[in-house]
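A.B. asks: In this text, residue positions in the sequence shown follow numbering that gives the first Met the number 0: the first is 0, and each later residue adds one.
Dumping the structure here so I can ask a few things about it.
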Amino acid sequence: MDSTSRFTRHLSPPSRARSCLLILGFLATGCGSKKPDLVPTGPVETTVALSPGQILFEDLSATCGVQSTYDNGEAVRPPNLTILESLGGGLAQVDFDKDGLLDLYFPGGGYFAGPDNHTILGRTGKLYRNLGGCKFQDVTAGAGLATLAGGAPWFYTHAAAVADYDCDGWPDLLVTGWRRVALFHNEPDGMGGRRFVDVSAQAGMDQGVIWATSAAWADLDGDGLPDLYVCQYVDWSFANNPSCDYDGKTPDVCPPKKFSGLRHLVYHNRGGGKFAEVGTEAGLPPGGDQGKGLGVVAVDANGDGKPDIYVGNDTVDNYLFINQSTPGKIRLKEVGVIAGVARDGNGSANGSMGVDAGDLDGSGLPSIWVTNYENELHALYRNLSKNGAPSFIFQTPGAGIAAIGQKFVGWGTGFVDLDHHGYEDLVVVNGHAIRHPTTTGRKQRPVLLRNIAGKFKAISNLGGPYFAEDHLSRGMAIGDLDNDGAMDMVVANMNEPAGVLHNIGCGHDSNHWAGFTLAKPGNKDVVGARLEVVAAGKSRYRFAKGGGSYASSPDRRLVVGLGTTASIEAVKVRWPDGKEESFTGTLADKYWRLTQGEGQAVAVGGR
Numbered sequence: 000m001d002s003t004s005r006f007t008r009h010l011s012p013p014s015r016a017r018s019c020l021l022i023l024g025f026l027a028t029g030c031g032s033k034k035p036d037l038v039p040t041g042p043v044e045t046t047v048a049l050s051p052g053q054i055l056f057e058d059l060s061a062t063c064g065v066q067s068t069y070d071n072g073e074a075v076r077p078p079n080l081t082i083l084e085s086l087g088g089g090l091a092q093v094d095f096d097k098d099g100l101l102d103l104y105f106p107g108g109g110y111f112a113g114p115d116n117h118t119i120l121g122r123t124g125k126l127y128r129n130l131g132g133c134k135f136q137d138v139t140a141g142a143g144l145a146t147l148a149g150g151a152p153w154f155y156t157h158a159a160a161v162a163d164y165d166c167d168g169w170p171d172l173l174v175t176g177w178r179r180v181a182l183f184h185n186e187p188d189g190m191g192g193r194r195f196v197d198v199s200a201q202a203g204m205d206q207g208v209i210w211a212t213s214a215a216w217a218d219l220d221g222d223g224l225p226d227l228y229v230c231q232y233v234d235w236s237f238a239n240n241p242s243c244d245y246d247g248k249t250p251d252v253c254p255p256k257k258f259s260g261l262r263h264l265v266y267h268n269r270g271g272g273k274f275a276e277v278g279t280e281a282g283l284p285p286g287g288d289q290g291k292g293l294g295v296v297a298v299d300a301n302g303d304g305k306p307d308i309y310v311g312n313d314t315v316d317n318y319l320f321i322n323q324s325t326p327g328k329i330r331l332k333e334v335g336v337i338a339g340v341a342r343d344g345n346g347s348a349n350g351s352m353g354v355d356a357g358d359l360d361g362s363g364l365p366s367i368w369v370t371n372y373e374n375e376l377h378a379l380y381r382n383l384s385k386n387g388a389p390s391f392i393f394q395t396p397g398a399g400i401a402a403i404g405q406k407f408v409g410w411g412t413g414f415v416d417l418d419h420h421g422y423e424d425l426v427v428v429n430g431h432a433i434r435h436p437t438t439t440g441r442k443q444r445p446v447l448l449r450n451i452a453g454k455f456k457a458i459s460n461l462g463g464p465y466f467a468e469d470h471l472s473r474g475m476a477i478g479d480l481d482n483d484g485a486m487d488m489v490v491a492n493m494n495e496p497a498g499v500l501h502n503i504g505c506g507h508d509s510n511h512w513a514g515f516t517l518a519k520p521g522n523k524d525v526v527g528a529r530l531e532v533v534a535a536g537k538s539r540y541r542f543a544k545g546g547g548s549y550a551s552s553p554d555r556r557l558v559v560g561l562g563t564t565a566s567i568e569a570v571k572v573r574w575p576d577g578k579e580e581s582f583t584g585t586l587a588d589k590y591w592r593l594t595q596g597e598g599q600a601v602a603v604g605g606r
């Protein structure tokens, strides 16, 4: 059965076309140019007129069945006030049963126990199966994720990353955290369904981790098997746990500058379910006054086809690793300072958290976006690379977003065309890292930034009620939960329920789109590929990426907004091996599968 028939849209297309939506509660600023009218008696209701090109999200978390709350352990008394409690967690969007609908996995975090509350324990994460009809079901236990191998309890967790590491056609799951990572293989459950099996020990991933945060999968050496980059943070432990304050009297979480950074990890996929950690020989810096990694994205940054690695580090230089690997040997050259993506426009390192890459201006090159700490500028680096030489300029002031980052502590983020107008917009979720901030609230509002040809405008007031509320957010993943082409968002909040934000239109029936899954024979990895879609004489580019955002793994389908045109003139892919291929047979408002060597697009859904 087609996946779209299983998922009944929350609003039917005719309802959207008539541009009328009934929302419970008060909406301060509606999608229309006029203020909404309020019903004077009974329940407060607002009728919002939706116009083409406007955006509105509805938070379904209270009704859709997702009941995930990340626990950072701060409830212990007296409070520990550790930097461990500041990072929070993310999520993964993964169609683990391949029924055509994105399921959701949330790491659970952890807590403190023992006579001195210095024993660090983990909370079980949650896997929610997408049932369609805006409903999810908790299938954690049945899917094998209630415990680790042998019934062992969970460790304190942060991030999730998805890839088919053995190329068997089924997505596998990695979970990171304090002193551990866990690799789960997707296997039949013997009853016609699927379950995850902890294979960390067999894979060689059960040792050598100190503090793992975000992770990204990508085939670095060109053998088709996805390798793994894992960020590590700082050398904190209860044996290295200084006391800190920010006002001279109130104890609080210490900043990362109080600690040394850790060397990041690279796991080379040797095949047969085996990995080897090769970070030192691959060329990764040793840590110390470097490292402190929080966000990572794998993308072809310099246009040579190979996936490169960009890392957001906290208070020290960010990394850009240009991929110089050969089959069987991973080599990464760090060029962040030289390429112009390590620091801000004043030459200062920032407190970086979330990262992503997208085509800012239609150049066909991925610009890099980084969320930073308060009183710092979020960093937008425009890509000017030529002939394989990486080169970027700090574009934040010129793009009109200099004031945004200074007000918030940004975490999860992503490029996304929110209403199919053709340019990728930006979303940022926020929340302070310390317990008692002196200039802003600990909980902060998310931000929407609309992109028009490389210039951004804040439009959070059009986002809906969720964007008018303060949250203690960390991870965020963007994906199409109902296969209507409109990109939804899921937000992992700390010590409060996750947000499931359904993109309910604002003009989606006036603008058109096309979605694509890139594939290679044998289920080989495609990170590093570039998609080009030509419509109305204009090229729009999207990139096959690994990682991105903060501690999260988003929908890997590439959705391209076409604006008001419903005709696609050309579809082209530049594959990681450098080969370019054109595909025929694509139409607007559908999802397509593009497999290298076939030249013919295959429809896989759409409205």
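Even for Gly, the Cβ is constructed at its ideal location relative to N, Cα and C.
Quick caveat, the model's predicted, so the values are computed rather than measured.
When DSSP labels each residue in this structure, what does Asn502 get in the three-state scheme?
C.D. replies: Strand, per DSSP.
A.B. asks: Assuming Phe455 and Ile400 make a contact with CB atoms under 8 Å, what is their CB distance in whole Å?
C.D. replies: About 5 Å; that satisfies the 8 Å criterion.
A.B. asks: With DSSP collapsed to three states, give me the class of Gly150.
C.D. replies: Reduced to three states, the DSSP call for Gly150 is helix.
A.B. asks: Report the residue ranges of all alpha helix (DSSP H) runs contained in full by the segment 238-312; include only those spanning at least 4 residues, in chain order.
C.D. replies: Within the segment 238-312, the complete alpha helix (DSSP H) runs of at least 4 residues are 278-281.
A.B. asks: What separation, rounded to the nearest whole angstrom, lies between the Cα atoms of Pro326 and Asn268?
C.D. replies: So the two alpha carbons sit approximately 11 Å from each other.
A.B. asks: Quickly, what does DSSP pair Ser362 with across the bridge? List them, please.
C.D. replies: Answer is none; Ser362 lacks a bridge partner.
A.B. asks: Taking all protein chains shown into account, do 16 or more other C-beta atoms lie within 10 angstroms of the C-beta of Ile82, making it buried, or fewer, making it exposed?
C.D. replies: Under this definition Ile82 is a buried residue.
A.B. asks: With DSSP run on the structure shown, which of helix, strand or coil describes Ser459?
C.D. replies: Three-state result, Ser459: helix.
A.B. asks: What first and last residue would you give for the beta strand (DSSP E) that runs through Ala112?
C.D. replies: Where Ala112 is concerned, the enclosing beta strand (DSSP E) stretches over 109-112.
A.B. asks: At least one CB of chain C closer than 7 Å to the CB of Ser242: is that the case?
C.D. replies: Absent here is chain C; the protein component of the structure consists of one chain.
A.B. asks: Let's test the definition: count the other Cβ atoms within 10 Å of the Cβ of Pro187 and tell me whether it reaches 16, buried, or not, exposed.
C.D. replies: Answer is exposed; the Cβ neighbour count stays below 16.
A.B. asks: For Met488, which residues does DSSP report across the bridge?
C.D. replies: Beta-bridge pairing links Met488 to Ile477, Leu500.
A.B. asks: Which residue comes first and which comes last in the beta strand (DSSP E) that contains Ile329?
C.D. replies: Unbroken run through Ile329: none, as it is neither H nor E.
A.B. asks: Please report how far the alpha carbon of Ser472 lies from the alpha carbon of Leu86, in whole angstroms.
C.D. replies: Ser472 and Leu86: Cα-Cα distance of roughly 10 Å.
A.B. asks: Which same chain residues end up closer than 8 Å to Ala275 when comparing Cβ atoms and leaving out the 5 residues on each side of it in sequence?
C.D. replies: Only Gly203, Tyr266, His267, Arg269 meet the Cβ criterion.
A.B. asks: Look at the Cβ atom of Asn371, then the Cβ atom of Gly346, and state whether they are nearer than 7 Å.
C.D. replies: No, these two residues do not count as a Cβ contact at 7 Å.
A.B. asks: Helix, strand or coil: how does DSSP classify Pro396 here?
C.D. replies: It is coil, neither helix nor strand.
A.B. asks: Pick from Ala534, Gly577, Thr516, Asp416: whose alpha carbon is nearest that of Gln599?
C.D. replies: Per the Cα distances, Thr516.
A.B. asks: May I ask you to report which of helix, strand or coil DSSP gives Arg555?
C.D. replies: Coil.
A.B. asks: Using 10 angstroms around the beta-carbon of Arg529, count the other beta-carbons present and answer buried if the total reaches 16, otherwise exposed.
C.D. replies: Arg529 should be labelled buried.
A.B. asks: I'd like to confirm the pairing. Which residues does DSSP put opposite Ser566 in its beta bridges?
C.D. replies: Beta-bridge pairing links Ser566 to no other residue.
A.B. asks: Contact defined as beta carbons within less than 8 Å: I believe Ala550 pairs with Ser213. What is the distance between those atoms, to the nearest angstrom?
C.D. replies: The pair is a contact, with the Cβ atoms about 5 Å apart (cut-off 8 Å).
A.B. asks: The alpha helix (DSSP H) that contains Ser199, what's its start and end?
C.D. replies: Element bounds for Ser199: 199-202.
A.B. asks: Is it the case that the Cβ atoms of Gly108 and Arg122 are separated by a distance below 7 Å?
C.D. replies: Result yes, Cβ atoms of Gly108 and Arg122 sit closer than 7 Å.
A.B. asks: State the start and end residues of the unbroken beta strand (DSSP E) segment that holds Asp205.
C.D. replies: Unbroken run through Asp205: none, as it is neither H nor E.
A.B. asks: Does DSSP put Ala528 in a helix, in a strand, or in coil?
C.D. replies: Coil, per DSSP.
A.B. asks: Using the Cβ count rule (16 or more neighbours within 10 Å means buried), how would you classify Asp288?
C.D. replies: Flag for Asp288 reads exposed.
A.B. asks: How would you call Val38, buried or exposed, if buried means at least 16 neighbouring beta carbons within 10 angstroms?
C.D. replies: Confidence is the limiting factor: at Val38 the pLDDT is only 26, short of 50, which leaves the residue's position unreliable and the question unanswerable from this model.
A.B. asks: Given that a residue counts as buried once 16 or more other Cβ atoms are within 10 Å of its Cβ, and exposed if not, what is Gly150?
C.D. replies: Gly150 comes out exposed.
A.B. asks: To which residues of the same chain is Ile392 closer than 8 Å at the C-beta, ignoring the five residues directly before and after it?
C.D. replies: Closer than 8 Å at the Cβ level, and outside the excluded window around Ile392, lie Gly339, Tyr380, Arg381, Leu383.
A.B. asks: Per DSSP, which one or two residues make a beta bridge with Met493?
C.D. replies: Partner(s): Tyr69.
A.B. asks: For Ile209, does the three-state DSSP call read helix, strand or coil?
C.D. replies: Coil, per DSSP.
A.B. asks: Buried or exposed: Ile308, going by 16 or more other Cβ atoms within 10 Å of its Cβ?
C.D. replies: Looking at its Cβ environment, which holds 16 or more other Cβ atoms inside 10 Å, Ile308 is buried.
A.B. asks: Starting from the Cα of Phe414, find the closest Cα among Asp197, Ser362, Met486 and give me that residue.
C.D. replies: Of Asp197, Ser362, Met486, the residue nearest in Cα terms is Met486.
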